Amino acid sequence: MMSDKPQGFDTLAVHAGTEPDPATGARQVPIYQSTSYVFRDADHAARLFNLEEVGYIYSRLTNPTVNALANRVAALEGAAGGIGCSSGHAAQIMALFPLMGPGCNIVVSSRLYGGTITQFSQTIRRFGWSATFVDTDDLDAVKGAIDDKTRAVFCETIANPGGYVSDLDALAKIADEAGVPLIVDNTTATPYLCKPIDHGATLVVHSATKYMTGNGTVTGGIVVDSGNFDWSASDKFPSLSQPEPAYHGLTFHAALGPMAFTFHSIAVGLRDLGMTMNPQGAHYTLMGIETLGLRMQRHIENAKTVAEWLEKDPRIEKVTYAGLPSSPYAERAGRIVPKGAGALFTMSVKGGYDACVKLVDSLKLFSHVANLGDTRSLIIHPASTTHRQLEEEQQIKAGAAPDVVRLSIGIEDVDDIIADLDQGLATATA
Ligand SMILES: *Cc1c(COP(=O)(O)O)cnc(C)c1O
1 MMSDKPQGFD TLAVHAGTEP DPATGARQVP IYQSTSYVFR DADHAARLFN
51 LEEVGYIYSR LTNPTVNALA NRVAALEGAA GGIGCSSGHA AQIMALFPLM
101 GPGCNIVVSS RLYGGTITQF SQTIRRFGWS ATFVDTDDLD AVKGAIDDKT
151 RAVFCETIAN PGGYVSDLDA LAKIADEAGV PLIVDNTTAT PYLCKPIDHG
201 ATLVVHSATK YMTGNGTVTG GIVVDSGNFD WSASDKFPSL SQPEPAYHGL
251 TFHAALGPMA FTFHSIAVGL RDLGMTMNPQ GAHYTLMGIE TLGLRMQRHI
301 ENAKTVAEWL EKDPRIEKVT YAGLPSSPYA ERAGRIVPKG AGALFTMSVK
351 GGYDACVKLV DSLKLFSHVA NLGDTRSLII HPASTTHRQL EEEQQIKAGA
401 APDVVRLSIG IEDVDDIIAD LDQGLATATA
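Heads up: the sequence shown runs through residues 1 to 430, numbered per UniProt numbering.
Okay, structure coming up:
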């Protein structure tokens, strides 16, 4: 038996959620590439369908490999339970699904991953949901945006394209006073740098596609629930606090307590929306997480060194890295992400749009891709790619002005990363 002392991050990253395979003794988590699971008898099947016994029915709902991953991420985030999803974007819909109904809204940070802005401003309207975008640094604006149809507040720990850190404690307090959960997208920080539940968040969502898997091989997502929210304190969350017609009238919160959200997400959310993670993807992500702490250490060390070098370079106008003492978010970063402010930031290049395009084309080590959180260093020029459709004024507001490039610093030797930027900038600003 292990002692009761809570295990450290790196121990959990290697061990949590898994044990040697009971059937074969296999030490690594097997890829359970099976759609269905044989019931012991008719009574066993009935107990599983009634949620009286936990077990496997059909892989759209649960699968042992996916379950191991969800439990490992829950352990790393200090959560009660987790759900594996087919992508980060799927995880966001899955996080909202038990909370929302037609006419309900969420209050969200205006600084979010671009795809999330589109999902929240356009696509969720088809469900009769809506999002109110606010500057989450303006706490009065956040309070003012919450109304009696609000069901959650949503932000990112370290927001894309970089340099911004959310004041999770202050936002959690506002959400709590309004009787709604705070949902935090922790993709760019990972639980190694920040555990949002410790700062008052109820739900945490991840794109496992990024640092969690770590090497650009998987599209996946995770939702974890703290288990701390009292869904029955008001009549705002009837799917959890009242008999759920979509699951033969089961009252999830009364029946399952801190696991109500997790079980609802599996029994109703995955069952009917089908945004399920596949076992092969879960296996890659489990392997990635084993080295998450080691990789993040190198990512933040490299990002800081590169940001400091760039800030001093005369060819650079500005670097927005919250890990720099010059950042307006330096103090907050020390509170929310004390080990380091991630490895994603932007810089403004003297010479504007043309110099940025030339830089992107001249780099040899960096890959020009629409991704982040890879072991490899990545670069993108938002104004000519992801933010191309926006007016210049909108680009500037989104932190993606024509002279801005976004860097995702990898785990290569930092001297090689700097050498590549140095030669690229020489060509770009010649
Ligand atoms: C990539 C990303 C997402 C979306 O995740 P997918 O796995 O691509 O669906 C959401 N939020 C953040 C912060 C991301 O970086």
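C-beta atoms are modelled at their ideal positions from N, C-alpha and C, and glycine is treated no differently.
Given the structure is predicted, the values throughout are model-derived calculations rather than measurements.
I'd like the list of long-range same chain contacts for residue i, defined as Cβ closer than 6 Å, with 5 residues on each side in sequence excluded.
i, result
"residue 78", "195 and 197"
"residue 114", "386"
"residue 63", "32 and 279"
"residue 130", "105"
"residue 367", "376 and 378"
"residue 395", "383, 387 and 401"
"residue 81", "74, 225, 259 and 262"
"residue 97", "269"
"residue 39", "45"
Among the options, whose alpha-carbon lies nearest the alpha-carbon of residue i?
i, options, result
"residue 163", "398, 422, 411 and 424", "398"
"residue 228", "191, 179 and 359", "179"
"residue 433", "313, 99 and 408", "Nothing about residue 433 can be reported from this structure: the residues present for the chain run from 1 to 430 only."
"residue 191", "74, 330 and 20", "74"
"residue 361", "353, 424, 318 and 341", "424"
"residue 185", "244, 376, 108 and 348", "108"
"residue 52", "267, 312, 419 and 92", "267"
"residue 370", "209, 330, 254 and 321", "209"
"residue 34", "57, 21 and 19", "57"
"residue 187", "153, 224, 200 and 173", "224"
"residue 143", "300, 182 and 325", "182"
"residue 20", "374, 323, 68 and 401", "68"
"residue 202", "177, 215 and 172", "172"
"residue 125", "153, 138, 238 and 93", "93"
"residue 412", "297, 334, 199 and 37", "297"
"residue 275", "71, 48, 86 and 81", "86"
"residue 157", "251, 318 and 333", "333"
"residue 429", "82, 354, 299 and 390", "354"
"residue 135", "255, 148 and 153", "153"
"residue 322", "315, 311 and 316", "311"
"residue 306", "341, 294, 148 and 337", "341"
"residue 9", "76, 50 and 40", "76"
"residue 50", "169, 119, 250 and 339", "250"
"residue 421", "123, 393, 148 and 347", "347"
"residue 237", "319, 273 and 151", "151"
"residue 13", "290, 23, 253 and 216", "290"
"residue 299", "407, 161 and 23", "407"
"residue 256", "232, 271, 273 and 36", "232"
"residue 117", "161, 403 and 149", "161"
"residue 403", "363, 359, 416 and 252", "359"
Below 8 Å on the Cβ atoms is my contact criterion, and I expect residue i with residue j to pass it. Report the Cβ-Cβ distance as a whole number of Å.
i, j, result
"residue 166", "residue 175", "In fact, because the Cβ distance is near 12 Å, the residues do not count as touching under 8 Å."
"residue 365", "residue 372", "16 Å between Cβ atoms; not a contact."
"residue 303", "residue 409", "4 Å"
"residue 292", "residue 211", "7 Å"
"residue 281", "residue 214", "Going by Cβ atoms, the distance from residue 281 to residue 214 rounds to 13 Å, so no, they are not a contact pair."
"residue 206", "residue 95", "About 10 Å; that fails the 8 Å criterion."
"residue 71", "residue 145", "Incorrect: roughly 35 Å between the Cβ atoms, too far for contact."
"residue 317", "residue 357", "That belief does not hold up - the Cβ atoms of residue 317 and residue 357 are roughly 16 Å apart, past 8 Å."
Using the Cβ count rule (16 or more neighbours within 10 Å means buried), how would you classify residue i?
i, result
"residue 262", "buried"
"residue 405", "buried"
"residue 245", "exposed"
"residue 1", "Its pLDDT being 47, under 50, residue 1 is placed unreliably by the model, and the measurement read from it follows with that caveat. Counting Cβ neighbours within 10 Å, residue 1 comes out exposed, since fewer than 16 surround it."
"residue 414", "buried"
"residue 248", "exposed"
"residue 46", "exposed"
"residue 265", "buried"
"residue 6", "exposed"
"residue 327", "buried"
"residue 200", "buried"
"residue 44", "exposed"
"residue 88", "buried"
"residue 427", "exposed"
"residue 54", "exposed"
"residue 123", "exposed"
"residue 23", "exposed"
"residue 4", "exposed"
Can you name, in chain order, every residue of its own chain whose Cβ lies under 8 Å from the Cβ of residue i, other than the five neighbours on each side?
i, result
"residue 127", "100 and 102"
"residue 433", "In the structure as shown, the chain starts at 1 and stops at 430, and residue 433 therefore has no counterpart that could be examined."
"residue 26", "20"
Of all Cβ atoms in chain D, is any one closer than 8 Å to the Cβ of residue i?
i, result
"residue 27", "No chain D appears in the structure shown, which is made up of a single protein chain."
Leaving out five residues on either side along the sequence, give the residues of the same chain with a beta carbon under 7 Å from the beta carbon of residue i.
i, result
"residue 285", "69, 208, 212, 213, 218 and 220"
"residue 66", "84, 277, 279 and 282"
"residue 309", "418"
"residue 29", "18, 65, 68, 283 and 286"
"residue 139", "170 and 174"
- May I have all residues whose beta carbon comes closer than 6 Å to any heavy atom of ligand 1, sorted in chain order? Per the CB criterion, closer than 6 Å to any heavy atom of ligand 1, the qualifying residues run in chain order as 87, 88, 89, 113, 115, 116, 156, 160, 185, 187, 188, 207, 209, 210, 219, 221 and 372.
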